[in-house]
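Mapping the sequence shown onto the numbering used here, position 85 (from 1) lands on 1028, and the numbers just tick up by one.
Ideal Cβ positions, reconstructed from N, Cα and C, are used throughout, including at glycine.
First comes the structure, then the notes that go with it.
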Amino acid sequence: MNKNAKIYIAGHRGLAGSAIARELRRQSYTNIVGRTHAELDLEDAAATRKFFEQERPEIVFLAAAKVGGIHANNTYPVDFLMSNLLVEANVCRAAHATGAARLIFLGSSCIYPRDCPQPIREEYLLTGPLESTNRPYALAKIAGIEMCWSYNRQYGAKWLAAMPTNLYGPGDNYDLNNSHVLPALIRKMHDAKTSGAAEVVLWGSGTPRREFLYVDDLANALVFLATLEDERYDALVAPSQCPLINVGTGTDLTIRELAETVAKVVGYTGRFVQDTSKPDGTMRKVMDVSRIQRLGWKANTTLQQGITMTYKTFSEALT
């Protein structure tokens, strides 16, 4: 890809979008376009179309989304369904209308069935019931995948849907009610250490297994995919197949082990108490990442390295 190609990052201030911007700049791409929510409401179809007509980006990273943890998904299901559907539909329609060459749609591993075999392969999509605690969000993301495939089939578009595992890193949301598990644990451990609390309460049994990907590794993967030479990229988005690819580490650990790792990084030495009245969610989620690894990409950041860097940015933001 030409280093001067115009690249639009939808959601450039979010966890994933800001990492994509950092990675593009690191690789010397110079023509990066972004708009804040105040400048462009992607739920507004007319405003989105006008923006695309003015800017006409060649490459689009669709990282804008309403995201949150179990509590947020359970409390605001309409918001998670409607907001994500509107953003996906408006961006995809405008990108097609203005001739974007490639679009990378960012999804989530929650698209896969709750009880599908592990590790999760791309072909397990739509083979069973979803996890009920985030079904509206998952359905919106599945619609986004189908949107990419539909544009590829009907119009010969070259749009790819990348499904990352659980993300963390600089710019994450640390609100205890609305954040994902890892940033919530960082916040809990930090607050407990600061206050001298003897114990930290963990949601659920602590036994579910999860996989985590440092967000800068995700960004590196997405830029890698977006800049593949035509032959390999075209094989991923061929109209005859769902244009879906997993992005992750391929390794997992229990929530209890994750809490212990976070405590070690933060320096919290108290005990853990499991609140088993809270939901566990899916008992295991780890991605099969053999497809992207065969293309030549692999995550480079260990979990402890990533948590250490994340906690550093969290701590600096407090000072």
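Integer-rounded CB distance, given that residue j should sit under 8 Å from residue i
{"i": "Gly1050", "j": "Lys1084", "result": "4 Å"}
{"i": "Leu1110", "j": "Val1158", "result": "5 Å"}
{"i": "Ser1148", "j": "Gln1217", "result": "6 Å"}
{"i": "Pro1186", "j": "Asn1095", "result": "6 Å"}
{"i": "Asp1022", "j": "Lys1101", "result": "Not quite, the Cβ-Cβ distance comes to about 31 Å (not below 8 Å), so this is no contact."}
{"i": "Leu1165", "j": "Ala1105", "result": "6 Å"}
{"i": "Leu1269", "j": "Ala1038", "result": "Residue 1269 falls outside the range modelled here, since the chain spans only 944 to 1262, and no answer is possible."}
{"i": "Leu1238", "j": "Gly1191", "result": "Actually they are not in contact, since the Cβ atoms of Leu1238 and Gly1191 sit about 14 Å apart, beyond 8 Å."}
{"i": "Leu1161", "j": "Ala962", "result": "6 Å"}
Exposed unless 16 or more other CB atoms sit within 10 angstroms - verdict on residue i
{"i": "Gly1087", "result": "buried"}
{"i": "Val1209", "result": "buried"}
{"i": "Leu1103", "result": "buried"}
{"i": "Tyr1080", "result": "buried"}
{"i": "His955", "result": "buried"}
{"i": "Leu1243", "result": "Inspection of the sequence shows that residue 1243 is occupied by Asn rather than by Leu. By the neighbour-count rule (16 or more Cβ atoms within 10 Å), Asn1243 is not buried but exposed."}
{"i": "Pro1072", "result": "exposed"}
{"i": "Asp1173", "result": "exposed"}
{"i": "Arg978", "result": "buried"}
{"i": "Gly1139", "result": "exposed"}
Residue span of the beta strand (DSSP E) that contains residue i, given as start and end
{"i": "Met1106", "result": "1102 to 1107"}
{"i": "Glu902", "result": "Past the boundaries of the shown model lies residue 902; the chain is included only from 944 to 1262, so the question cannot be answered."}
{"i": "Arg965", "result": "First-last for Arg965: 958 to 969, but that is the alpha helix (DSSP H), not the beta strand (DSSP E)."}
{"i": "Tyr1157", "result": "1155 to 1157"}
{"i": "Ile1002", "result": "1002 to 1005"}
{"i": "Tyr1254", "result": "Tyr1254 -> not in any beta strand (DSSP E); alpha helix (DSSP H) instead, spanning 1246 to 1261."}
{"i": "Pro1187", "result": "Going by the sequence as given, residue 1187 is Leu instead of Pro. Its beta strand (DSSP E) spans residues 1187 to 1190."}
Bounding residues of the alpha helix (DSSP H) (the contiguous stretch that carries residue i)
{"i": "Gln1097", "result": "1078 to 1098"}
{"i": "Asn1016", "result": "1013 to 1018"}
{"i": "Gln1236", "result": "1233 to 1238"}
Cα-Cα separation, residue i to residue j
{"i": "Thr1219", "j": "Gln1184", "result": "42 Å"}
{"i": "Phe1215", "j": "Asn1077", "result": "26 Å"}
{"i": "Gly1011", "j": "Leu1201", "result": "19 Å"}
{"i": "Trp1283", "j": "Tyr1098", "result": "No answer is possible for residue 1283: the residues shown for the chain start at 944 and end at 1262."}
{"i": "Thr1256", "j": "Pro1113", "result": "6 Å"}
{"i": "Ser1052", "j": "Thr1108", "result": "5 Å"}
{"i": "Ile1250", "j": "Val1205", "result": "7 Å"}
{"i": "Val1034", "j": "His1014", "result": "28 Å"}
{"i": "Leu1179", "j": "Glu996", "result": "27 Å"}
{"i": "Asn947", "j": "Cys1059", "result": "42 Å"}
{"i": "Tyr1019", "j": "Asp1115", "result": "20 Å"}
{"i": "Phe994", "j": "Thr973", "result": "19 Å"}
{"i": "Ala964", "j": "Ile975", "result": "8 Å"}
{"i": "Ala1007", "j": "Lys1136", "result": "34 Å"}
### Query
Does the segment 944 to 959 come close enough to the segment 984 to 1003 that 3 or more CB-CB pairs lie under 8 Å?
Because the criterion of three Cβ pairs below 8 Å is met, the segment 984 to 1003 and the segment 944 to 959 touch.
### Task
Please confirm if the segment 1230 to 1243 is in contact with the segment 1062 to 1077, defined as three or more CB-CB distances below 8 Å between the two stretches.
Touching, yes, given that three or more Cβ pairs across the two stretches are closer than 8 Å.
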